[in-house]
Ligand SMILES: Cc1cc2nc3c(=O)[nH]c(=O)nc-3n(C[C@H](O)[C@H](O)[C@H](O)COP(=O)(O)OP(=O)(O)OC[C@H]3O[C@@H](n4cnc5c(N)ncnc54)[C@H](O)[C@@H]3O)c2cc1C
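In our numbering, the protein residues as written are 1 to 236.
Put into structure tokens, the structure is as follows:
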């Protein structure tokens, strides 16, 4: 597995509890949207799971920087990310992961909650950048309107590209006039919003509990298991 030195550029606040971290590469690192890398703060002890963690790319490979997005916590790993200053060097191992964008799929569906959005952003940004004809439909659930990471980008893409459709659902509607549905992603919600679900290849990314719940919905509505791709964010 290849390793790369990257230089920290900047961090971008997405919500109160989610931030993106951008890095410049000294060497080109090709990756496929959907993939992730291991971020290594403890080079001496590669087995240190507290300081060496996996994060998905939240930028498309076309961007002049690599972006990762993290749900913020009080962990030492997170503290180290937040303490990075422009120009600081960091070691990445990767890219890794097989739950990746496949341009030969004509119709794809995403059932995503919270931080699971990161690789979806990479995939959608890639579709938009290349004006690909893939039809993408995202159902994105969050706790409240304020918790929707990448809302401006998602709004822009769904306006700009007729082949990108997005429905937001929140547990608590916290903005007046919010266009979000209220509730979690349920079997009924999927059937209601994604009538053509049988024609789609599903991508389920996120914390294991969310991926399991979405997998169960796919099974209940008789999706072909071969058309359901999953990536668990183990560590949550
Ligand atoms: C393939 C892959 C891709 C991933 N992509 C992303 C990504 O894009 N973005 C992202 O944010 N994460 C991603 N992750 C998860 C990431 O690697 C971290 O595990 C995660 O971000 C939590 O890191 P942390 O340092 O904040 O953890 P911590 O804060 O140490 O813990 C994580 C969770 O466990 C809880 N917890 C911790 N310790 C305890 C305890 N003793 N008792 C009870 N609960 C506890 C915390 O409340 C928290 O919810 C990915 C993981 C994998 C495997």
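By construction, the Cβ of each residue, glycine as well, lies at the ideal position given by its N, Cα and C atoms.
Residue range 208-220 is occupied by the alpha helix (DSSP H) that includes residue 210, with no beta strand (DSSP E) assigned at that position.
The C-beta of residue 133 has fewer than 16 other C-beta atoms within 10 Å across all chains shown, which makes the residue exposed. Per DSSP, the unbroken beta strand (DSSP E) holding residue 95 starts and ends at 89-96.
The bridge partners DSSP lists for residue 137 are 109 and 165. Around the beta-carbon of residue 209, fewer than 16 other beta-carbon atoms lie within 10 Å, marking it exposed. Taking each of 121, 150, 63 and 177 in turn and checking the Cα distance to residue 100, the smallest one comes out for 121. Going by beta carbons, residue 211 and residue 232 fall inside the 8 Å limit. In the DSSP annotation of this structure, the continuous segment of the beta strand (DSSP E) that includes residue 11 starts and ends at 3-15. For residue 20, DSSP records a beta bridge to 12 and 69. Between residue 84 and residue 205, the CB-CB gap reaches or exceeds 8 Å. Per DSSP, the unbroken beta strand (DSSP E) holding residue 36 starts and ends at 36-40. Taking C-beta atoms as the reference points, residue 143 and residue 185 fail to come closer than 8 Å. The three-state secondary structure of residue 159, taken from DSSP, is helix.
For residue 218 and residue 227, the gap between their C-alpha atoms comes out near 10 Å. For ligand 1, a non-hydrogen atom lies closer than 7 Å to the CB of residue 55.
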